[in-house]
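With the working numbering applied, the sequence shown covers 12 to 245. All residues carry an ideal CB built from backbone N, CA and C; glycine is no exception. What follows is a set of notes on a single structure, which appears directly below.
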Amino acid sequence: MRKGFHGPLARSKNSPPPKFIYTPPPDDGLDILHADDDILVLSKPANLLSVAGKETQHADCLETRALKEYPRARIVHRLDRGTSGIFIMALNPASHRHLGLQFEKRKTDKTYIAEVIGIVKENEGHIDLPMRTDWYYRPKQMVDTYFGREAITDWKVISRGEETTRMKLHPKTGRSHQLRVHLQELGHPILGDSFYAPKHAVEMSNRLLLHAETLELFHPKDGERVSFTSPCPF
């Protein structure tokens, strides 16, 4: 058995990812939530890459747009293309190191809003399911309790509709696609998620209904704990 492909209890639920057709939103200027000498806090629109892809047609991204107005802006973290919301960039090398360490050492605190298919019965819960890349269907991710890396998400129900549930998600770790995979495992994938949701749930929204609502961290200049919010657009 080749290490990292199939461990005990690891069974991919995935199918091949859909063909990537990139249609970024119009560039109507940055949605700036905060800017000072050290950090730039933006609200990323849905369906815009955080950083440029390898292909020329994937060059338009939040980083490229930010550099037009802030030439010294540097990437600290990423959001999935379909995810909207809070996005922070560093404006000098010292801030870049400071923020990078905070994300690495889990000193940041993040919350997300998601609209999921089905009615979630419990009011809150805790998901502790390790994850890894699904090598057969990259860039998809999957749960693997043997070879996966720690992935933890706390959640609460905000409201329930006739067919969907609105949830507040609090990731304790920052794995790629963590919230999308964890909600799939919960049995309630996110609406509009072409990677992990069934067809009828994908067709219920023209975007992934996942939004990074708040980000709390230590300001790199003076260490003060600060919090930023981007109101949910859906």
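{"Asked": "Are the Cβ atoms of L60 and C72 separated by less than 8 Å?", "Found": "yes"}
{"Asked": "Using beta-carbon positions only, say whether P141 and R160 come within less than 8 Å of one another.", "Found": "yes"}
{"Asked": "With burial defined as no fewer than 16 other Cβ atoms inside 10 Å of the residue's Cβ, what is the status of T191: buried or exposed?", "Found": "The question names Thr, but residue 191 in the sequence shown is Arg. Counting Cβ neighbours within 10 Å, R191 comes out buried, since at least 16 surround it."}
{"Asked": "Smallest Cα separation from E174: which of E126, L180, H188 and Y147?", "Found": "E126"}
{"Asked": "Does T122 pass the burial test, meaning 16 or more other C-beta atoms within 10 Å, or should it be called exposed?", "Found": "buried"}
{"Asked": "Can the beta-carbon of I138 be found less than 8 Å from the beta-carbon of R177?", "Found": "no"}
{"Asked": "Just the C-alpha distance for L110 and K55, rounded to the nearest angstrom, thanks.", "Found": "18 Å"}
{"Asked": "Would you check if the stretch 86-99 and the stretch 208-225 touch, i.e. whether three or more CB-CB distances between them fall below 8 Å?", "Found": "yes"}
{"Asked": "Do P182 and T164 count as a contact pair if the criterion is CB distance below 8 Å?", "Found": "yes"}
{"Asked": "Within 10 angstroms of its Cβ, does P200 collect 16 or more other Cβ (buried), or is it exposed?", "Found": "buried"}
{"Asked": "Grab the span of the beta strand (DSSP E) containing P182 for me, first residue to last.", "Found": "T175 to P182"}
{"Asked": "Please give me, in chain order, every unbroken run of the beta strand (DSSP E) with length at least 3 that falls completely inside the stretch 96-162.", "Found": "120-128, 135-139, 142-144 and 152-154"}
{"Asked": "In whole angstroms, what separates the C-alpha of D42 from that of E196?", "Found": "33 Å"}
{"Asked": "Under a Cβ-count criterion, where at least 16 other Cβ atoms within 10 Å of its own Cβ denotes burial, should P29 be classed as buried or exposed?", "Found": "exposed"}
{"Asked": "Could you give the residue range of the alpha helix (DSSP H) that holds E5?", "Found": "In the structure as shown, the chain begins at 12 and stops at 245. Residue 5 is therefore absent and cannot be evaluated."}
{"Asked": "Excluding sequence positions up to five away, which residues of its chain have a Cβ less than 6 Å from the Cβ of H17?", "Found": "A caution first: H17 carries a pLDDT of 47, below 50, which makes its placement in the model unreliable, though a value can still be read off. Answer for H17: no residue qualifies."}
{"Asked": "Measure the alpha-carbon distance for T34 versus H69 and round it to whole angstroms.", "Found": "9 Å"}
{"Asked": "Between F206 and Q152, what straight-line distance do the alpha-carbon atoms span, to the nearest angstrom?", "Found": "9 Å"}
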